[in-house]
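With this note's numbering applied, the sequence shown covers 1218 to 1523.
Some notes on the structure that comes next.
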Amino acid sequence: MQIVKTVAAMQSLAKKWQRAGVKIGFVPTMGYLHEGHLSLVREARKRVGKNGKVVVSIYVNPTQFAPTEDLSKYPRDLKRDLESCRAAGTDAVFTPTDKEMYSRWGESLSSPDSKKYLGSTESRPTTNYSTYVVEEKLSRAMEGASRPTHFRGVTTIVAKLFNIVLPDVAIFGQKDFQQAAIIKRMVADLNFPVKIIVAPTVRERDGLAMSSRNKYLVGDLRRQATVLWCAIQIARATVKKSKTFPAAKLKDAIKKLVECEPDAKLDYVEFFEPEILLPVSIVKSGTQMALAVFIGKTRLIDNVRI
Ligand code: PAF
């Protein structure tokens, strides 16, 4: 397995593979890998076959974190991640630095001031990075409403990674449903020659969706986190019983259920059309449900098709 740290080295490796007619499968991650990520790596291998190459990127992207969010605390364990990637049959891991990704010709991004500007919509005249990719429709609601600069950071870094890794196919997790929809839209709108695959959410035995942030759930918070899966089960059971159900009433019931847990606070729950992400007033089979819940200070998200 090759470990690649610079944009130039990754692009030249990808171009070499392209010239040889080798298919490239790509799994972008922010590291602290779990079984959910490894299922994406296996999916990438399935898509490119044994003669293809699988690339995993490990990069905690500062531009998708707001200044108030957990960028500096985001869990990292590169040594363990590299072992997991190797065991899962990855051909190359791309692990760039902030400087490599956002200011090759400029100053280091390690100053607190630079971090502030990278994570916000404010432009900073002295930084040498000033180009962003913005999706303007699907990114407004849900995660986009709660985290206004988040998707700008995601689309920007994913576009950059596509230009660096040159994948034929890229795999994203269904757990970030809105992210996957926005990436698909970006790829279609900007004609990136890459096929986007969305792979199913991997869950713990009690239903909690796997996430690097689950590491923060210590003691009773881990038990309380199962309330997201409970809320999903209740929504599904309600619709199964009555075929259709008013979204507003279901949202109220879910808010009450979630907030029975002492450290849980509902950020949002939404019912919407899965293709266009437009909210519906009546929930039925085929409606997509998404929710975000704070468990203590940790914000968890989940979604399912009802
Ligand atoms: O889903 C993630 O881990 C990140 O948003 C991604 C796609 C790797 C971009 O930083």
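Glycine is no exception: its CB is placed at the ideal position from the N, C-alpha and C atoms.
Every value quoted in this text rests on a predicted model; they were computed, and no experiment measured them.
Query raised in the report: Would L1445 be called buried (16 or more neighbouring beta carbons within 10 Å of its own) or exposed?
Result: Buried is the call here.
Query raised in the report: Can the beta-carbon of D1294 be found less than 8 Å from the beta-carbon of V1271?
Result: Their beta carbons are not under 8 Å apart, which means D1294 does not touch V1271 by this criterion.
Query raised in the report: Given a threshold of 16 other Cβ atoms within 10 Å of its Cβ, counted over all protein chains shown, does S1429 qualify as buried or as exposed?
Result: Its Cβ being crowded by 16 or more others within 10 Å, S1429 is buried.
Query raised in the report: So, A1376 versus I1413, is the Cβ gap smaller than 8 Å?
Result: At a Cβ-Cβ threshold of 8 Å, A1376 and I1413 do not count as neighbours.
Report task. Compute the distance between the beta-carbons of L1517 and A1448, then report whether it is under 8 Å. Result -> Contact: no.
Query raised in the report: Can you tell which of S1347, F1368 and Y1276 has the C-alpha that lies nearest to the C-alpha of D1315?
Result: Of the listed residues, the one whose Cα sits closest to D1315 is Y1276.
Query - Whole beta strand (DSSP E) elements within the stretch 1339 to 1421, 3-residue minimum - result: 1386 to 1390 and 1412 to 1416, all fully within the stretch 1339 to 1421.
Query - Touch test, the stretch 1229 to 1239 against the stretch 1353 to 1369, Cβ-Cβ under 8 Å, three pairs minimum - result: Fewer than three Cβ pairs drawn from the stretch 1229 to 1239 and the stretch 1353 to 1369 lie within less than 8 Å of each other, which leaves the two stretches out of contact.
Query raised in the report: Would the C-beta of I1220 count as close to the ligand PAF, meaning under 7 Å from any of its heavy atoms?
Result: No, the ligand PAF has no heavy atom inside 7 Å of this Cβ.
Query raised in the report: Thinking just about the alpha-carbon of each residue, which of E1492, R1522, G1513 and I1512 is nearest to the one in T1504?
Result: Of the listed residues, the one whose Cα sits closest to T1504 is R1522.
Query raised in the report: So is the beta-carbon of N1506 under 7 Å away from any non-hydrogen atom of the ligand PAF?
Result: According to the sequence displayed, residue 1506 carries Met and not Asn. M1506 Cβ: outside cutoff for every heavy atom of the ligand PAF.
Query raised in the report: Do I1512 and A1481 have their CB atoms nearer than 8 Å?
Result: The answer is yes: Cβ separation under 8 Å.
**Report entry** CB contact flag (E1487, P1496, <8 Å)
**Finding:** Closer than 8 Å, so yes.
**Report entry** 8 Å Cβ cutoff met for M1227 and F1311
**Finding:** Contact flag set, yes.
Report task. Please go through the same chain and pick out, in chain order, the residues whose beta-carbon is closer than 6 Å to the beta-carbon of F1368, but skip the five residues on each side of it. Result -> So the list reads S1356, G1361 and I1399, once near-sequence residues are dropped.
Report task. Taking N1278 as the reference, give the member of M1318, G1390 and V1221 with the closest Cα. Result -> Closest by alpha carbon: M1318.
Query raised in the report: Who are the near neighbours of W1234 in its chain, counting only those whose CB is closer than 7 Å to its CB and skipping five residues on each side?
Result: The answer, listed in chain order, is I1241 and K1270.
Report task. Under 8 Å by Cβ, that's how I've got S1256 and V1419 pegged, so tell me the actual separation to the nearest angstrom. Result -> With a beta-carbon spacing of about 5 Å, S1256 and V1419 fall inside the 8 Å limit used to define contacts.
Query - As assigned by DSSP and simplified to three states, the class of N1431 - result: Looking at N1431 - three-state DSSP - the assignment turns out to be helix.
Query raised in the report: What do you reckon, is the C-beta of D1393 under 7 Å from a heavy atom of the ligand PAF?
Result: True, at least one ligand heavy atom lies under 7 Å from that Cβ.
Requested in this report: May I have a chain-ordered list of the beta strand (DSSP E) segments no shorter than 3 residues that lie completely inside the stretch 1218 to 1256?
Outcome: For secondary structure counted as the beta strand (DSSP E) over 3 or more consecutive residues, the stretch 1218 to 1256 holds these complete runs in sequence order: 1219 to 1221 and 1241 to 1246.
Requested in this report: Could you check if V1258 is buried or exposed, using at least 16 other CB atoms within 10 Å of its CB as the buried criterion?
Outcome: Buried is the call here.
Requested in this report: Out of L1407, A1442, A1405 and V1415, point me to the one whose CA is closest to R1422's CA.
Outcome: Comparing Cα positions, the closest option is A1442.
Requested in this report: From the DSSP output, in three-state form, read off L1445 for me.
Outcome: Looking at L1445 - three-state DSSP - the assignment turns out to be helix.
Query raised in the report: Taking 7 Å as the cut-off, is the CB of K1278 close to at least one heavy atom of the ligand PAF?
Result: Per the sequence shown, the amino acid found at residue 1278 is Asn instead of Lys. Taken from the Cβ of N1278, at least one heavy atom of the ligand PAF lies inside 7 Å.
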